[in-house]
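Here the structure is laid out as structure tokens; the discussion comes afterwards.
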Amino acid sequence: MLKNWIHRNVDEREYLDYHRKAVKEYQQHWEVIARELEWFSPWTKVVEETDKAHVFKWFVGGTTNISYLALDRHAKTWRRHKLAFIWEGEPVDEQGRPKEVRKFTYYDLWREVNRVAYAMRTKLGLKRGDRIAIYLPMIPELPIFMLAAARLGVIFTVIFSGFTAENIANRVNDLNASLIVTADGVYRRGKILRLKEIVDESLKFTPSVQRVVVVRRLGGELSLTQRDVTLDELLKGVPPNTYVDPERMESNEVLYVLYTSGTTGRPKGMIHDHGGYATLLHATMKWVFDARDDDVYFCTADIGWVTGHSYIVFGPLIEGLTSVMYEGTLDFPAPDRWWSIVERYGVTILYTSPTAVRTLMKFGDDLVKKHDLSTLRIIHSVGEPINPSAWRWLFEVVGGSRAPVGSTWWMTETGGIMISYLPGLMLVPMKPGSNGYPLPGIDVDVLDESGNPVKPGERGYLVIRNPWPGMPAAPTGVWGDHERYVKTYWSKYKDLFYAGDYAVKDSDGYIWVAGRADEVMKVSGHRIGTYELESVLVAHRAVSEAAVIGVPDEVKGEVPIAYVVLKTGNQPSEEMRKELVDWIRKNYGPIATPRALFFVNKLPKTRSGKIMRRLMRSVATNSPLGDTTTLEDASSVEEVRTAYEEFV
Ligand code: WT7
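Position 505 of the sequence shown, counted from 1, bears residue number 504 in numbering that gives the first Met the number 0, the numbering being contiguous throughout.
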């Protein structure tokens, strides 16, 4: 029997010994952790592969509900009056203090979620298995709607509030959602972003949507149709002590679908469930963040991405933590917004991203040092590899050389952290920039093209060898497309999960994830398929062909640059360039704004017509072209080179 280490620290030998055992006996290992949660009824089997290849069910037959785990469990205990969320809005008063701060105890949040769930059920007729989309900014109603949906067994997809009408429509249609929850707008960098208008635009293309719920963040004029209802209206007459019994969800029933970009096609809807997902979050909150009752936790991500789902909403609430959540951006009203938050609320755990750190570093150390950050005890980053200077700055300037700084590797697909230092379980010596060891129970390897482990220190492809709770869930891994699930993750290597990342394992067994091995960019930590932007470009009336590549950027990690072939009759011009850049901003979102857009007569392609982005990247990074034998027309590369060199 494996011991339950979750509540105590172990030394390195014990840990490595446990690690070896936990990989072999992973079922038992995860079962021990799952038992720490509450189940309405026990499981009959820890894990089994379903009749859909590589789709596994965890804690089969066990019933629970993640909203119960996140709320009811605490509302029944002394944590009832503990703060779950401290939220602050963007607008500030003359002293620079936030005008609005909203605080929710576990009891408040539980009550509010119950009221919303009740209204969703009785006034909107939503029931278990129905699908809704949530297009909300960083306001408390976002976690409230996620938890209320979970409570009813209603499947939700959260759409990042920086996305456009087109992104909304694609996701809503893929999920066949009957309802969209949105807000009239949100404050962002001193401006107002009108979200409801973007939803209205998307509705022209979303026949499945019957109702729209609008949260009033801004107030003032708002034009509503028959289809729309405000949250205030919806909650009218719902008593404060309303209680809705949480649905008894079988562990593997769908909790949410979250869309993420890949190499080809539209974003894939990754499925996560109730039981296995909650188990992984519980383990990682304990091990990676060492979550304790006196912590104040601050994850700087947006809930629109998986980091926010797992580590702002579900993970911290399952642990009964107090979290800080904020509206706006890291640099408004001034670039010390975060440090001011850390100081004012006494934040002890900070979870952030390399791109944000690089942005903030530029403003100098004084903005950090004017705040007392001595409460910080653990810092982690996520989203892309952390470069040495960003690591050092986080460690020395932000953490005062007291707090360990880790780089947690995982992805939308994995549901939670897979590779990380575990200050909560033990401290192995840290190597700046490394991710550390895989979590106990996770069997990670680095392979060459033919599937053999590479030598220590050599670069290869990252794979996960065994299933884990929180992995893409039943029924199909990818919503509505099991084939795509198998093709994307389980086809490069037989029976291994292929992550799409390059990595190195060093001679001590530490993992160093180096970045994407496919045609996916990481722009400020956001995952954007080059193919997606190309599709947006060719949808423009003047564009015949387009190729997009990611090039290194000091702050954002990577930024897109685009090469465009115009249709005959259209002339390259500065206006056309601007028009196409705007087109991307409008049809994909400002996060994908290309740094440069070039007009060429021809794209470098193979004889079979595939765009050779690899060559274009070599040109842009000034590195050797490598094998060019499959290139159809050598002059195309020269054209790309000339265009690029004229630009730099
Ligand atoms: C991709 C997944 C998981 C939350 C945020 C991103 C890259 C993520 C690290 C890290 C190096 C990292 C990988 C991965 N990545 N964390 N600590 N070190 N690379 O989720 O949008 O699904 O992106 O982010 O390339 O494949 P995502």
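C-beta atoms are modelled at their ideal positions from N, C-alpha and C, and glycine is treated no differently. Note that this is a predicted model, so its numbers are computed, not measured.
Buried/exposed call for residue i, threshold 16 Cβ in 10 Å
{"i": "ALA561", "result": "buried"}
{"i": "HIS80", "result": "exposed"}
{"i": "LYS486", "result": "exposed"}
{"i": "VAL636", "result": "buried"}
{"i": "PRO428", "result": "exposed"}
{"i": "LYS672", "result": "Any property of residue 672 remains undetermined from this structure, which presents the chain solely from 0 to 647."}
{"i": "ILE131", "result": "buried"}
{"i": "ILE527", "result": "buried"}
{"i": "THR347", "result": "buried"}
{"i": "LEU421", "result": "buried"}
{"i": "SER207", "result": "exposed"}
{"i": "GLY435", "result": "buried"}
{"i": "ALA52", "result": "exposed"}
{"i": "SER523", "result": "buried"}
Simplified DSSP assignment, three categories, for residue i
{"i": "VAL115", "result": "helix"}
{"i": "ILE32", "result": "helix"}
{"i": "HIS379", "result": "strand"}
{"i": "LYS486", "result": "helix"}
{"i": "LEU461", "result": "strand"}
{"i": "MET324", "result": "strand"}
{"i": "HIS271", "result": "strand"}
{"i": "GLU200", "result": "helix"}
{"i": "ASP500", "result": "strand"}
{"i": "PHE394", "result": "helix"}
{"i": "ILE85", "result": "strand"}
{"i": "GLU631", "result": "coil"}
{"i": "ALA513", "result": "strand"}
{"i": "PRO97", "result": "strand"}
{"i": "GLU37", "result": "coil"}
{"i": "GLU249", "result": "strand"}
{"i": "LYS430", "result": "coil"}
For residue i, the first and last residue of its enclosing alpha helix (DSSP H)
{"i": "GLY275", "result": "274-286"}
{"i": "HIS18", "result": "11-23"}
{"i": "TYR436", "result": "TYR436 -> no alpha helix (DSSP H), and no H or E assigned at all."}
{"i": "ASP231", "result": "230-234"}
{"i": "PRO142", "result": "140-151"}
{"i": "ASP365", "result": "365-368"}
{"i": "LEU221", "result": "Here LEU221 belongs to no alpha helix (DSSP H), and DSSP marks it neither H nor E."}
{"i": "TRP337", "result": "336-344"}
{"i": "ARG613", "result": "612-619"}
Span of the beta strand (DSSP E) around residue i
{"i": "GLU544", "result": "542-552"}
{"i": "PRO315", "result": "Not the beta strand (DSSP E): PRO315 falls in the alpha helix (DSSP H), residues 314-317."}
{"i": "THR354", "result": "Not the beta strand (DSSP E): THR354 falls in the alpha helix (DSSP H), residues 353-360."}
{"i": "VAL185", "result": "185-187"}
{"i": "TYR258", "result": "253-259"}
{"i": "ARG401", "result": "Run containing ARG401: none; DSSP gives neither H nor E here."}
{"i": "LYS585", "result": "Premise fails: LYS585 lies in the alpha helix (DSSP H), 573-586, not in any beta strand (DSSP E)."}
{"i": "PRO559", "result": "556-565"}
{"i": "LEU495", "result": "That residue, LEU495, is in no beta strand (DSSP E); it is neither H nor E in DSSP."}
{"i": "LEU192", "result": "190-192"}
{"i": "ARG210", "result": "210-214"}
Beta-carbon proximity list for residue i, same chain, < 8 angstroms, skipping 5 on both sides
{"i": "SER506", "result": "PRO455, GLY456"}
{"i": "PRO239", "result": "ARG110, ARG114"}
{"i": "LYS368", "result": "VAL396"}
{"i": "ASN64", "result": "PHE39, ALA149, ARG150, GLY152, PRO245, GLU246, ARG247, MET248, HIS273"}
Close Cβ partners of residue i (< 7 angstroms) along its chain, the five nearest in sequence each way excluded
{"i": "GLU482", "result": "none"}
{"i": "LEU68", "result": "LEU36, GLU37, ALA277, ILE317"}
{"i": "MET410", "result": "ALA498"}
{"i": "GLY218", "result": "none"}
{"i": "THR205", "result": "ALA168, VAL171, ASN172"}
{"i": "GLU252", "result": "GLY152, ASP272, HIS273"}
Residues bridged to residue i (per DSSP)
{"i": "LYS521", "result": "ARG526"}
{"i": "SER406", "result": "SER380"}
{"i": "ILE131", "result": "PHE155, LEU178"}
{"i": "PHE646", "result": "For PHE646, which the question treats as bridged, DSSP gives no partner whatsoever."}
{"i": "ASP505", "result": "DSSP output for ASP505 lists no bridge partner at all."}
{"i": "GLU47", "result": "LYS56"}
{"i": "ASP444", "result": "VAL462"}
{"i": "THR63", "result": "MET248"}
Same chain, Cβ closer than 6 angstroms to residue i, five either side skipped, listed in chain order
{"i": "ALA300", "result": "THR306, GLY307"}
{"i": "THR321", "result": "LEU82, VAL295"}
{"i": "LEU141", "result": "LEU135, ILE302"}
{"i": "TYR530", "result": "THR263"}
{"i": "MET575", "result": "none"}
{"i": "GLU412", "result": "MET269, PRO471"}
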